[in-house]
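Participant: The opening residue of the sequence shown carries number 3 in this note's numbering; numbering runs sequentially from there.
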Amino acid sequence: YHRIWYGDSPGNLFLRRSTEESVFSLLEKHGLRERLGHFRIMEVGCGGGHILTQFVRWGANENLMFGVDLIEARVKSAQAKLPAGSFQCADAADLPYPNQFFDLILQFTMLSSVLDQAVRRKVAKEMLRVLKPGGFIVSFDTRYPNPQNPNTRPVPKSEFRSYFQGCRLAYYPVLLIPQLARFLAPFSISLCRFLERCPVLRSHYLTVIEKSAGQK
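1) Report yes if the CB atom of G69 is closer than 8 Å to the CB atom of C48, and no otherwise.
2) What is the C-beta distance between F2 and I211, in whole angstroms, given that I count them as a contact (C-beta under 8 Å)?
3) Would you kindly work out how many angstroms separate the C-alpha atoms of D93 and F16, rounded to a whole number?
4) Between the beta-carbon of A105 and the beta-carbon of R35, is there less than 8 Å?
5) Report, in whole angstroms, the separation of the C-beta atoms of Y207 and Y165, which I expect to be a contact under 8 Å.
6) According to DSSP, is H4 helix, strand or coil?
7) In the DSSP assignment, find the unbroken beta strand (DSSP E) run with S141 in it and report its ends.
8) From the DSSP output, in three-state form, read off Y2 for me.
9) In angstroms, rounded to a whole number, what distance separates the CA positions of R195 and V121?
10) Mind checking whether N101 and A86 have CB atoms under 8 Å apart?
11) According to DSSP, simplified to helix, strand and coil, what is P149?
12) Within 10 Å of its beta-carbon, does R19 have 16 or more other beta-carbons around it, so buried, or fewer, so exposed?
13) Among residues of its own chain, excluding the 5 on either side of V77, which ones have a beta-carbon nearer than 7 Å to its beta-carbon?
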């Protein structure tokens, strides 16, 4: 059990690298990567700041980084990783920022941790409120139920469409089912990469949401 689940196990390393490669490819595909240095970026549910730290490596400006999380210890960890950034303990359904403040908003498996659909809708509405017209949301979230974690619920395409009406949405299935990756990676990374080519075996949606220029 420990060999499968510890942070640097072959399976978890594969999943982390695969996620980072997918996000980087999406940024390139949508012409966002070269603009990161000028973007004011906020992550909803930032945890310890791992995702935002990766964006800094890709060219984002640490001084323009923001994050919110419900757990104070995680906020402190993120602030320690990115001391020039701004992190707050706050509720994603009531973001402490003015209207149209951010160029890019990130959410990585935060929405799937919100089981109440009405609260999810409030979170999405808040994300849109603080996003500039013409700005982007990059979302990485679960596609299938996780039988090992009843405290999550997938975010299907239909939900995204209802939350972000009037926006342009593009969906990309990514990431080999984690349980499968953790089991197979110690034996063959090549097999994991081969299986990951099959869309039905990809467990998450990477979604880019563009707010139209006329939206408030």
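Virtual Cβ for every residue (Gly too), placed ideally from N, Cα, C.
Facilitator: Let's see:
1) Inclusion of G69 and C48 in the CB contact set at 8 Å is warranted, their separation being smaller than that value.
2) Residue numbering for the chain in the displayed model covers 3 to 218; residue 2 lies beyond these limits and cannot be assessed.
3) Going by the C-alpha atoms only, they are around 32 Å apart.
4) For clarity, residue 105 is Asp in the given sequence; the question names Ala instead. In this structure, D105 sits away from R35, with a CB-CB distance that is not shorter than 8 Å.
5) Incorrect: roughly 13 Å between the Cβ atoms, too far for contact.
6) Note that H4 scores a pLDDT of 49, beneath 50, so its modelled location is shaky; the value from the coordinates is reported in the next line. Residue state, collapsed to three classes: helix.
7) Start and end: 133-144.
8) Here the chain has residues from 3 to 218 only, and residue 2 is not among them.
9) Each residue's Cα considered, the two are about 36 Å apart.
10) Annotated as distal: N101 and A86, with beta-carbon spacing of 8 Å or more.
11) DSSP places P149 in coil when its eight states are reduced to three.
12) Counting Cβ neighbours within 10 Å, R19 comes out exposed, since fewer than 16 surround it.
13) D71, F89, Q90, C91.
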